[in-house]
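In what follows, a structure is listed as structure tokens, so that the remarks can point back to it.
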Amino acid sequence: MLSGFRTGIDGTIAPLLRDYPDHPNGPVIMVHYDADPPTTTYTVFFKRDLVCPYPLPRPPTWMPPLSLRDAAELESEIFDFVYRCYLGKEWKMAWPYHYNLIGKIWRKRLPVSGAEIWRLASIHALPHEWKSDLETTFERGREILIVAEGRRPIKKKRLRSFLLE
């Protein structure tokens, strides 16, 4: 289990009862956690819970050291920004979407740098010529929001890098 209050606990997929009803939250699996009594199972919802087979794969080098949920949400926001920059047949900077991205990162108080944002955006083929502008705009934009509104990034959200292990 990679999310929720049972994060880090190993378990085994248990058989789903034949008459188990379809759930409004989408597909589910039943899991028995190793630390629980043998007859206890829990429902895991794919829309809400993050699960992964064991052993965990090593995270990619471009992934910032954040929780999987924060990293997934950040990557989704960056993908949307990159998508907006390539509408049609050519790349065109979508500054309003970049500013929106800066605001979302600031609101979530994610402790990421402009270089990490660039590294994540560059895997989606953003033109390399934009690197300096994107990094600088991100750093300055977030700093303006911090000075004007407060809410510095939360350092505890930054995990120890998996790549150092």
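Residue numbering for the sequence shown follows this note's numbering, beginning at 1 and increasing consecutively. Built from N, CA and C at the ideal position, the CB exists for glycine as well.
- Excluding the 5 residues flanking it on each side, Lys-131 has same chain C-beta neighbours closer than 7 angstroms at Trp-118, in chain order.
- Check the Cα spacing between Asp-70 and each of Leu-120, Lys-108, Ala-35, Asp-10: the tightest is with Lys-108.
- Scanning its chain for C-beta atoms nearer than 7 angstroms, with the 5 sequence neighbours on each side dropped, one finds around Thr-43 the residues Val-28, Met-30, in chain order.
- At the C-beta level, Arg-142 and Trp-106 come within 8 angstroms of one another.
- Closest by C-alpha distance to Pro-127, out of Pro-96, Ile-144, Val-82, is Val-82.
- Under the 10 Å beta carbon count, Asp-49 is surrounded by 16 or more other beta carbons and is classified as buried.
- Arg-84 and Asp-133 have their alpha carbons spaced roughly 17 angstroms apart.
- Rounded to whole angstroms, Glu-75 and Leu-159 show a C-alpha spacing of 16 angstroms.
- Short of 7 angstroms from the beta carbon of Ser-113, and not among the five residues preceding or following it, lies no beta carbon of its own chain.
- For His-98, the three-state secondary structure derived from DSSP is helix.
- Contact between Leu-101 and Lys-157 does not hold, since their C-beta atoms are separated by about 17 angstroms, which reaches or exceeds 8 angstroms.
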